[in-house]
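Student:
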Amino acid sequence: MSVHRIEFGDSYPPLPGHVSGGRLERVLRSGRFAVTAELNPPDSADPEEIYQRALVLSEVCDAINATDASGANCHMSSLGICALLKAAGYSAVMQISCRDRNRIAIQGDVLGAAALGVHNVLCLTGDGVEAGDQPGAKPVFDLDSITLLDTIRAMRDEGRFLSGRVIESPPRLFLGAAANPFAPPFDWRPRRLAKKIAAGAQFVQTQYCFDVARLRAFMSEIRDGGLHKACFILVGVGPLASARAARWMRSNVPGVHIPDSVIQRLEGAADQRQEGKRLCVELIQEISEIEGVRGVHVMAYRQEELVNDIIRDSGVLKNRAPRAQGAEPTPGAEII
Amino acid sequence: MRALRRLATRHAGPFERLYLVCDRLALALAPLLVKAGLERLERPAAVLESWTKGALFDCNMCGRCVLAATGMTCPMNCPKGLRNGPCGGVRANGNCEIEAALRCVWLEAWEGAGRMRHGGRIGELQAPLDHRLKGSSAWLRRMVERARLGSAPP
Ligand code: SF4
Numbered sequence: 219m220s221v222h223r224i225e226f227g228d229s230y231p232p233l234p235g236h237v238s239g240g241r242l243e244r245v246l247r248s249g250r251f252a253v254t255a256e257l258n259p260p261d262s263a264d265p266e267e268i269y270q271r272a273l274v275l276s277e278v279c280d281a282i283n284a285t286d287a288s289g290a291n292c293h294m295s296s297l298g299i300c301a302l303l304k305a306a307g308y309s310a311v312m313q314i315s316c317r318d319r320n321r322i323a324i325q326g327d328v329l330g331a332a333a334l335g336v337h338n339v340l341c342l343t344g345d346g347v348e349a350g351d352q353p354g355a356k357p358v359f360d361l362d363s364i365t366l367l368d369t370i371r372a373m374r375d376e377g378r379f380l381s382g383r384v385i386e387s388p389p390r391l392f393l394g395a396a397a398n399p400f401a402p403p404f405d406w407r408p409r410r411l412a413k414k415i416a417a418g419a420q421f422v423q424t425q426y427c428f429d430v431a432r433l434r435a436f437m438s439e440i441r442d443g444g445l446h447k448a449c450f451i452l453v454g455v456g457p458l459a460s461a462r463a464a465r466w467m468r469s470n471v472p473g474v475h476i477p478d479s480v481i482q483r484l485e486g487a488a489d490q491r492q493e494g495k496r497l498c499v500e501l502i503q504e505i506s507e508i509e510g511v512r513g514v515h516v517m518a519y520r521q522e523e524l525v526n527d528i529i530r531d532s533g534v535l536k537n538r539a540p541r542a543q544g545a546e547p548t549p550g551a552e553i554i
Numbered sequence: 003m004r005a006l007r008r009l010a011t012r013h014a015g016p017f018e019r020l021y022l023v024c025d026r027l028a029l030a031l032a033p034l035l036v037k038a039g040l041e042r043l044e045r046p047a048a049v050l051e052s053w054t055k056g057a058l059f060d061c062n063m064c065g066r067c068v069l070a071a072t073g074m075t076c077p078m079n080c081p082k083g084l085r086n087g088p089c090g091g092v093r094a095n096g097n098c099e100i101e102a103a104l105r106c107v108w109l110e111a112w113e114g115a116g117r118m119r120h121g122g123r124i125g126e127l128q129a130p131l132d133h134r135l136k137g138s139s140a141w142l143r144r145m146v147e148r149a150r151l152g153s154a155p156p
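Chains as they are written, first to last, in this note's numbering: chain U, 219 to 554; chain F, 3 to 156.
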């Protein structure tokens with residue numbers, strides 16, 4: 219078996235069994251623990267904002283997620299962010315939400331993104347417009363996360379649009395989905411993931427995990443169904459800045475569940491920000507031990523500068539040398 | 003209306019049987035009725051369907067009925083119109099992320115499916131909706147499509 223070096227940038231010659239030429243797929247398929255992180259999108263037309271924010275994440279991340287107006291708040295578009303990330307040599311995960319665009323716009327964006335060199339797409343239903351800064355907007359929801367997955371899978375594998383019209387050069391994309399093991403109905407969540415996998419999901423990034431017991435229960439059902447072998451599961455984590463921030467998130471961000479015990483722990487700490495960071499490191503260590511978990515997805519909203527430390531302190535990268543933009547990959551970073 | 007809808011979900015088992023009987027009957031008669039010019043009855047059929055299914059299921063007349071695969075709960079009552087299962091925003095108390103006072107439609111659907119003989123159909127992948135069908139009769143469409151297919155199974 220030949221040795222493939224994982225390098226900067228994000229384009230590799232295709233390997234058998236791989237659908238994209240991207241870094242994230244290579245890392246996951248090689249059996250390495252993967253790290254992705256969310257980039258907080260700017261309210262700005264200045265590309266420098268993206269470069270700055272990507273730089274702090276890039277040393278420990280295999281791919282950077284470009285959110286699509288998450289929480290229904292308006293920011294720079296995910297396609298715009300992806301284009302800038304690609305131009306700077308980073309690996310990007312383009313998030314697509316079904317809230318703001320119909321099937322015609324989305325399929326066009328998928329081709330555009332693939333042409334720009336984006337290799338990963340995360341298919342989301344999207345939060346309701348009511349959650350965001352423009353609650354009077356028209357919610358679209360022409361597709362849902364599952365029909366979106368199925369649509370892009372058909373574009374890639376069958377080379378056709380939803381209408382059946384032929385695509386001359388199909389997009390090569392590694393397809394992702396979200397999962398929320400922490401939202402009811404709990405007993406249905408694994409089956410919902412199975413449906414997403416059937417529709418084309420190859421990797422999954424979950425909602426924030428602050429409740430490891432619930433995650434364990436979910437993962438045990440996932441293993442019973444063999445789903446952990448059918449897709450790569452990356453568990454969502456993030457540092458809480460304070461007990462107040464945690465309470466705010468719990469009641470204002472759809473789908474986020476934070477147990478009281480976590481809030482109490484933060485409240486009892488002298489330095490809540492430090493405690494939030496420590497909690498995040500501990501969570502990553504616990505989560506990474508669970509069978510079937512193949513990586514973590516760090517969402518450190520407005521605390522991106524902590525991501526580097528958190529990942530290093532957690533030790534999940536083991537012998538993988540941390541990378542820096544422009545530095546030479548070290549021999550230890552080689553993977554087979 | 004919501005009370006009746008709950009009733010349909012709570013008794014998803016009997017409702018499923020009733021639905022299947024009607025469905026089979028309609029499909030069996032379809033070729034005959036289509037020959038007799040059933041397609042011209044679009045208006046009255048849509049009105050009749052909207053009254054009955056509106057009362058029983060809060061039907062939104064999407065034109066492509068999936069009740070039998072969604073626990074006898076109309077998924078078009080989900081504020082996002084999701085037809086393939088719940089979003090990730092369901093609140094800890096089981097209510098909708100958008101309408102805080104509404105129980106998530108998919109929680110009801112899931113419970114309804116548990117009471118049905120073919121409840122497993124809730125796992126079926128539903129294709130994107132054809133928005134041109136809005137307001138038309140799903141019953142009629144099903145019969146006409148069946149008649150066109152001849153005797154081939156659906
Ligand atoms: S919480 Fe349930 S009813 Fe509300 S938008 Fe999500 S799936 Fe639809």
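The C-beta atom is built at its ideal place from N, Cα and C for all residues, glycine as well.
Here's the rule: buried if 16 or more other CB atoms are within 10 angstroms of the residue's CB, otherwise exposed. What is U/G346?
Tutor: Under this definition U/G346 is a buried residue.
Student: Under 9 Å between the Cβ atoms of F/A47 and F/W108?
Tutor: No, Cβ-Cβ distance for F/A47 and F/W108 is not below 9 Å.
Student: Please state whether the Cβ-Cβ distance between U/R520 and U/A459 is less than 9 Å.
Tutor: Yes, they are a contact pair.
Student: What's the C-alpha gap between U/A290 and U/A401?
Tutor: Using only the alpha carbons, I get a separation of about 19 Å.
Student: Could you tell me whether any Cβ in chain F is nearer than 9 Å to the Cβ of U/C341?
Tutor: No, its Cβ sits nowhere closer than 9 Å to a Cβ of chain F.
Student: On a Cα-Cα basis, can you pick out the residue from U/Q482, U/A287, U/V471 and U/V455 that is closest to U/I529?
Tutor: With distances taken between Cα atoms, U/I529 lies closest to U/V455.
Student: I need the DSSP call for U/H236, collapsed to helix, strand or coil.
Tutor: Coil at U/H236, not helix or strand.
Student: Straight-line CA distance for U/R371 to U/C341?
Tutor: Distance between the alpha carbons of U/R371 and U/C341 is about 11 Å.
Student: Would DSSP call U/N283 helix, strand or coil?
Tutor: Strand at U/N283.
Student: Should U/V221 go down as buried or exposed, given a rule of 16 or more other Cβ atoms within 10 Å for buried?
Tutor: For U/V221, the predicted structure reports a pLDDT of 40, less than 50, and the residue's modelled location is therefore unreliable. A value from the coordinates is still provided. Counting Cβ neighbours within 10 Å, U/V221 comes out exposed, since fewer than 16 surround it.
Student: Indicate the three-state DSSP secondary structure (helix, strand or coil) for U/R441 in the structure shown.
Tutor: It is helical.
Student: Quick check on the contact list: which residues have their beta carbon closer than 6 Å to a heavy atom of ligand 1?
Tutor: Matched residues: F/C80, F/P81, F/K82, F/L84, F/P88, F/C89, F/G91, F/V92, F/C98, F/E99, F/I100, F/C106, F/V107 and F/W108.
Student: Using a Cβ-Cβ cut-off of less than 7 Å, give me the residues of the stretch 98-124 of chain F that come near chain U, in sequence order.
Tutor: From the stretch 98-124 of chain F, only E99, I100, L109 and W112 have a Cβ closer than 7 Å to chain U.
Student: How is F/C24 classed by DSSP in three states: helix, strand or coil?
Tutor: If DSSP states are grouped into helix, strand and coil, F/C24 belongs with the helices.
Student: Can you find a C-beta in chain B that's less than 9 Å from the C-beta of U/D345?
Tutor: The chain labelled as chain B is not found among the protein chains of the depicted structure, namely U and F.
Student: Under 8 Å, CB to CB, which of the residues in the stretch 52-68 of chain F have a partner in chain U?
Tutor: Of all residues in the stretch 52-68 of chain F, none has a Cβ within less than 8 Å of some Cβ in chain U.
Student: For the stretch 348-361 of chain U, which residues have a beta carbon sitting closer than 9 Å to at least one beta carbon of chain F?
Tutor: Those residues of the stretch 348-361 of chain U that come within reach of chain F (Cβ to Cβ, closer than 9 Å) are E348, A349, P357, F359, D360 and L361.
Student: Quick one: list the residues of chain F neighbouring U/D368, beta-carbon separation under 7 Å, in chain order.
Tutor: What U/D368 touches in chain F: L127.
Student: Using a 10 Å radius around the Cβ and a threshold of 16 neighbouring Cβ atoms, would you call U/G218 buried or exposed?
Tutor: What the structure shows of chain U is the stretch from 219 to 554, and residue 218 of chain U is not part of that stretch, so it cannot be assessed.
Student: If contact is defined by three or more beta carbon pairs under 8 Å, each pair taking one atom from either stretch, is the stretch 310-328 of chain U in contact with the stretch 61-76 of chain F?
Tutor: Contact fails: fewer than three Cβ-Cβ distances are below 8 Å.
Student: Which residues in the same chain have their Cβ closer than 8 Å to the Cβ of U/I282, if we skip the five residues on either side of it in sequence?
Tutor: So the list reads T254, A255, E256, L257, A272, L275, S276, L303, Y308, S309, A310 and V311, once near-sequence residues are dropped.
Student: Suppose the cutoff is 7 Å on Cβ atoms and the five residues either side in sequence are ignored; what does the same chain contact list for U/E267 look like?
Tutor: Contacts found: P260.
Student: Between the stretch 75-88 of chain F and chain U, which residues of the former have a C-beta closer than 8 Å to a C-beta of the latter?
Tutor: Those residues of the stretch 75-88 of chain F that come within reach of chain U (Cβ to Cβ, closer than 8 Å) are P81, K82, G83, L84, R85, N86, G87 and P88.
Student: With a threshold of 7 Å on Cβ separation, who are the neighbours of U/V499 within its own chain once the five nearest residues in sequence on each side are excluded?
Tutor: Cβ within range, chain order: I528, D531 and S532.
Student: Which residues mark the beginning and the end of the alpha helix (DSSP H) in which U/I562 is found?
Tutor: The question about residue 562 of chain U has no answer here: the residues shown for chain U are numbered 219 through 554.
Student: Considering only the beta carbon of each residue, do U/P232 and U/R390 sit closer than 9 Å?
Tutor: Yes, they are a contact pair.
Student: Please state the DSSP three-state secondary structure of U/H446.
Tutor: DSSP places U/H446 in helix when its eight states are reduced to three.
Student: Leaving out five residues before and five after U/S262 in sequence, what residues of the same chain have Cβ atoms less than 6 Å from its Cβ?
Tutor: Here the set comprises nothing.
Student: Could you give the distance in angstroms between the alpha-carbon of U/A487 and the alpha-carbon of F/R85?
Tutor: Near 45 Å, if we compare the C-alpha coordinates of F/R85 and U/A487.
Student: With C-beta atoms as the reference, is F/A30 less than 9 Å away from F/E113?
Tutor: For F/A30 and F/E113, no; Cβs fall outside 9 Å.
Student: Does the Cβ-Cβ distance between F/E110 and F/P81 come in under 9 Å?
Tutor: For F/E110 and F/P81, no; Cβs fall outside 9 Å.
Student: Rank U/E348, U/I322 and U/C279 by C-alpha distance to the C-alpha of U/P472 and give the top, closest one.
Tutor: Answer by Cα proximity: U/E348.
Student: Please state the DSSP three-state secondary structure of U/C341.
Tutor: Correct three-state label for U/C341: strand.
Student: Classify U/I508 as helix, strand or coil using the three-state DSSP reduction.
Tutor: Reduced to three states, the DSSP call for U/I508 is coil.
Student: Just to confirm the assignment, what range does the alpha helix (DSSP H) spanning F/F59 have?
Tutor: Per DSSP, F/F59 belongs to the alpha helix (DSSP H) from E44 to F59.
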